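Enquirer:
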Amino acid sequence: MSKSEFQYFSQNRSLKLRFFLIFLCGFLCLTTAVAVQTGLWNKRLETARMQYGLWQGVRMDISVKDRQILNSHELLEEVGTQEIFGLLETNGLTFVTGCADGAFYKLANFSLLQGRLPERGDEIAVENWVLDRLGMAYEPGETITGTIQGSQRQFTVTGIINNYTTSWISGDSQPAIFTGPGSGLKSVRDNVFIRGENSEVIDDLKQAMPLLIRNVHVKELWEPFAPENAAWSMLMVFSLGGSAFLIMVVFRKWLKSRRHDIQVLKGLGVSERKIRKDLIRTIIQAAGTAALISLTIATLMNWPLPVILGTAGALILEILILCCLLAKDVKEIPAVENASGGDLPETQRHWKPMKRVTAFRLGLRFLESRNRSIAGNLIAAVFLAAAFFGTTLALTETWQLQKWLQEKPDFILSLEPEGLQTFRTDDSLERIAEKLKDDSRFSHVESGFVQMYGWAIPVEEGSLLEQLRNDPTISNESRNSLLYPSELMAEDLRNWQMVPIISREDIDLTEVEGFDEELWNSGEGIILYAPDVSIYDGKLWLADDLSNSIEVKSEGGYRSGDTILLQDPFGKEVKTRIAGILRKPPEWMRFDEMMGLSMAYTIYAAPDFFEYPVNRLHLTLSDEQKDEVQVSVSAIAAREAVYMTNERAIKQRVMDLLDSQETLFGVLTAALFLSLSFFILSATGRLHNQLADWKQCLILAGARLSQADKAICSVWGLLLFLLATGILLAGNLVEAIHSRFPTNGDLLGSVMPFLFVNNEAVGIYQLDHQISLWLLPAVLGMTVVLAIAGFWVNRRNEKFLKD
């Protein structure tokens, strides 16, 4: 028999089709996971480039030597220069002013809101916050007159660019105003921004130029196993591992039914090498076709070549490992075996009569006799259920994040410039709020009073506040995240604690301890937010943020009804009473754009507590005419001499990213649901057939019909118990991994800072935990219902065939 004549595995079309379908499903899952990761990475990269620019490195205040190095470097694609002229003084305000070449504008990737970039020395492009500070409308053609380098200059605004200095490295020294070429101003400092052919160029340059600063916000290399991609990395691994495991289960089951044929072939003299070669050829044909389809799809999706090669390498590695494992199984089949029934598993003699054997013991005997196939099916079902739970958890979390983001204001009007507190109070914003509340363009107009510092309360002797201020075991960084440092107070006021004060209408007061409603409504009382805290690992935590049972410390130095002396920003003492104590942050505080600014010992006051109760106005849009509305709001702010902060741009970028995640998670959730349903129904069908045959064997062995039925029920009960236990354990593991490595954590931290405490995603963990409390039982119940439905359908079909 020649080598080319032997074909046993490769002639079995049913086996080849099974192999192909399983490989195809596994490889398509891998392709989907990689596509999702690369899609999210591209979206993150696009968002980061819009926010932080295209440049990879910057050399501030560059020297002549370093400039020569950069200009002569052959691997740099772009070298842009930014000249700093100094401060332009106008209307009592100062702005960093400079000039830049075309390469810098390209690397900066500015979002030009209106107009064009300056082309002459008397033309300027300005950040929108400059116009907010000057009370000017968002309209090109306005003129700004000021003093720079000792001379009076007048500039015409030709373009308005979106704020960038708030997020760029050394943003406080970046120009907020750009003039055109030929201004006649002298550069006092030059900054050079660069972009190389790849990130390795910047790494090499940094070795020769230590003062080169990298743009750490823009990660241009895809990192499939980065923490933020942990969920998708697991899906990639499970896709390959799951398909390989299923191939092993299917092949071993098929091999068991063909065991005698392999023995005969070996007995007839067919070498093991020929059998192994035929098996490997069959696997490679099925897997190669599936891999070719997957990689073709990847090519059509315009994947980068390194990603395609990496995916192909992973597929080839799986195929090689699988070939080795399956060849090992064939090798273990002996050439000669007892033909009178050697295929049947050897059983030990049991002398106990059938009448004395319990149904539970019979059920265990059945599971022991088929432990491999049952274990394989259970693991596959648990894996599919856990993957379905993970994608559904991610989808539900995305929906909640979208909801919070939609509630985030598009514009913030304030009596004070962003980042600067002047303690200005008047009725300007009250008048604006009254006008805009009936404006259909805004879905929400929320007014309030927020002063993050300036107010102070006395530190009572023996209070928890005094202990926390003086506890040396707490790190300063952690303490300062909840309490203002005592060093901010003057020397003679060190026994006072600086606190924020916040006021807003319609505050939910149901969780206030010892609440005095009459005192609160009169405007003569305040609510003190004195949260329960815990000290863990040298950090100060809100007790609500820790799931561990750590010692909880409560404030006892301040009680509801006590008279307390406050000090306002101008040093005036205000005598008031405590109308209630908040011991933990309620939901409206944690996820509220205005109230979420709170630190420990924040004072909450009713609007009647203040002479002018509004110094902050949040506006949320309800229509699509956003650019026109922005100009309108800017004009209102200019007319009333208030400051406007535009939150719409970053809000829209994050919303676009969440929308893409929603689509991807939705598709994966639907696919996994169908896969789980199909697998559970088919597995219960196979199990039902096995149990039917086993029931007949029990009856032939002398068991009563009722005893056989109870034994089958015990098998189903044990399997459902094992399935439920596995899903609960796997679900908790998925939840822990998902909350520990949040998707887009850096971006969420900049837009929703209330989700992070001490640089840890405490808010996301709590959100995932709240979702899991109902989602995990729902997934578990759905899986059990599918298993019961599969059993019921097969039982009904069996009765129909008998009838």
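Taking my numbering, I'd label the letters of the sequence shown as residues 1059 to 1861.
Cβ coordinates follow ideal geometry from the N, Cα and C atoms, glycine included.
Here the structure is a predicted model, which means the values were calculated and not measured.
What are the boundary residues of the alpha helix (DSSP H) that includes S1486?
Expert: Here the alpha helix (DSSP H) through S1486 covers S1486 to L1494.
Enquirer: From E1571 to G1512, what does the alpha carbon distance come to, in whole angstroms?
Expert: The alpha-carbon atoms of E1571 and G1512 are separated by roughly 26 Å.
Enquirer: Hey, L1373 and F1309: beta-carbon distance below 7 Å or not?
Expert: For L1373 and F1309, no; Cβs fall outside 7 Å.
Enquirer: Secondary structure at H1827, three-state DSSP: helix, strand or coil?
Expert: Of the three classes helix, strand and coil, the one that applies to H1827 here is helix, per DSSP.
Enquirer: Roughly how far, in whole angstroms, is the beta-carbon of T1660 from the beta-carbon of V1557, given that I think they are within contact range, below 8 Å?
Expert: Contact holds; Cβ gap of about 6 Å.
Enquirer: Along the beta strand (DSSP E) that carries M1510, what are the first and last residues, could you check?
Expert: From DSSP, the beta strand (DSSP E) with M1510 extends over F1500 to P1516.
Enquirer: Please classify Q1210: is it buried, with 16 or more other beta-carbons within 10 angstroms of its beta-carbon, or exposed?
Expert: Under this definition Q1210 is an exposed residue.
Enquirer: What would DSSP say about Q1210, mapped onto helix, strand or coil?
Expert: In this structure, Q1210 counts as strand in the three-state DSSP scheme.
Enquirer: Would you check if the distance between the CB atom of G1615 and the CB atom of S1521 is smaller than 7 Å?
Expert: Closer than 7 Å, so yes.
Enquirer: Taking only the alpha-carbon atoms, compute the straight-line gap between G1596 and L1473 and give it to the nearest angstrom.
Expert: Approximately 39 Å between the Cα atoms of the pair.
Enquirer: Any idea what DSSP makes of L1243, helix, strand or coil?
Expert: Coil at L1243, not helix or strand.
Enquirer: Counting C-beta neighbours from all protein chains within 10 Å, is the total for W1850 16 or more, i.e. buried, or is it exposed?
Expert: Flag for W1850 reads exposed.
Enquirer: Take the Cβ of C1006 as the centre, count every other Cβ of all protein chains shown within 10 Å, and call the residue buried at 16 or more, exposed below.
Expert: Missing from the structure shown is residue 1006; the chain here goes from 1059 to 1861 and no further.
Enquirer: So who's on the other strand from M1702, going by DSSP bridges?
Expert: L1471, per the DSSP bridge assignment.
Enquirer: Can you list, in chain order, the residues of its chain whose CB lies under 7 Å from that of T1480, leaving out five sequence neighbours each side?
Expert: E1474, listed in sequence order.
Enquirer: Could you give the distance in angstroms between the alpha-carbon of I1470 and the alpha-carbon of I1608?
Expert: One C-alpha to the other measures close to 39 Å.
Enquirer: Tell me the DSSP secondary structure of M1412 in three-state form.
Expert: Here the model assigns M1412 a pLDDT of 48, short of 50, so the residue's position is not dependable and the matter cannot be decided.
Enquirer: Taking all protein chains shown into account, decide if F1858 is buried (16 or more other Cβ within 10 angstroms of its Cβ) or exposed.
Expert: Confidence at F1858 is low in this model, with a pLDDT of 49, below 50, so the placement of that residue should be treated as unreliable; the coordinate-derived value is given next. Per the 10 Å Cβ criterion, exposed.
Enquirer: Which one or two residues does DSSP pair with K1633 in a beta bridge?
Expert: BP columns for K1633 point to L1623.
Enquirer: Starting from W1599, trace the beta strand (DSSP E) both ways and give me its first and last residue.
Expert: Note, W1599: beta strand (DSSP E), K1597 to L1600.
Enquirer: Between L1540, N1167 and E1141, which lies nearest to T1105 when the distance is taken from Cα to Cα?
Expert: With distances taken between Cα atoms, T1105 lies closest to N1167.
Enquirer: Quick check on this structure: which residue in F1573, A1782, I1218 and L1350 has the alpha carbon closest to the alpha carbon of S1692?
Expert: Per the Cα distances, I1218.
Enquirer: Taking only runs of the beta strand (DSSP E) that begin and end inside the segment 1538 to 1564, which ones reach a length of at least 3 residues, in chain order?
Expert: For the segment 1538 to 1564, whole beta strand (DSSP E) runs of length 3 or above, ordered along the chain, are 1554 to 1562.
Enquirer: Which runs of the alpha helix (DSSP H) at least 4 residues long sit entirely within the segment 1246 to 1282? Give them in chain order.
Expert: If we require 4 residues or more, the alpha helix (DSSP H) runs fully inside the segment 1246 to 1282 come out as 1257 to 1266.
Enquirer: What does the alpha-carbon distance come out to for the pair V1184 and L1146?
Expert: Whole-angstrom Cα-Cα distance: 12 Å.
Enquirer: Consult DSSP for T1203 and reduce its assignment to one of helix, strand or coil.
Expert: Reduced to three states, the DSSP call for T1203 is strand.
Enquirer: Note down the Cα distance separating E1575 from M1657, rounded to an integer number of angstroms.
Expert: Straight-line Cα distance between these residues: approximately 23 Å.
Enquirer: Who pairs with Y1662 in a beta bridge, going by DSSP?
Expert: Answer is I1560 and I1585, bridged to Y1662.
Enquirer: From I1120 to L1134, what distance separates their C-alpha atoms?
Expert: I1120 and L1134: Cα-Cα distance of roughly 17 Å.
Enquirer: Using a Cβ-Cβ cut-off of 8 Å (strictly less than) and excluding sequence neighbours within five positions of T1483, which residues of its own chain qualify?
Expert: Excluding residues within five positions, the ones whose Cβ falls inside 8 Å are L1473, F1668, E1669, Y1670 and N1673.
Enquirer: Can you tell me whether E1136 is helix, strand or coil according to DSSP?
Expert: DSSP places E1136 in strand when its eight states are reduced to three.
Enquirer: On a Cα-Cα basis, can you pick out the residue from G1173, L1151 and N1220 that is closest to I1202?
Expert: Answer by Cα proximity: L1151.
Enquirer: According to DSSP, simplified to helix, strand and coil, what is G1572?
Expert: The answer is coil: DSSP assigns G1572 none of H, G, I, E or B.
Enquirer: Would you call Q1109 buried or exposed, if buried means 16 or more other Cβ atoms sit within 10 Å of its Cβ?
Expert: Q1109 comes out buried.
Enquirer: DSSP three-state label for V1592, please.
Expert: Looking at the sequence shown, residue 1592 is not Val but Ser. Looking at S1592 - three-state DSSP - the assignment turns out to be strand.
Enquirer: Give every residue of the same chain whose Cβ lies closer than 7 Å to the Cβ of F1573, excluding the five residues on either side of it in the sequence, and list them in chain order.
Expert: Excluding residues within five positions, the ones whose Cβ falls inside 7 Å are L1567, A1637 and G1638.
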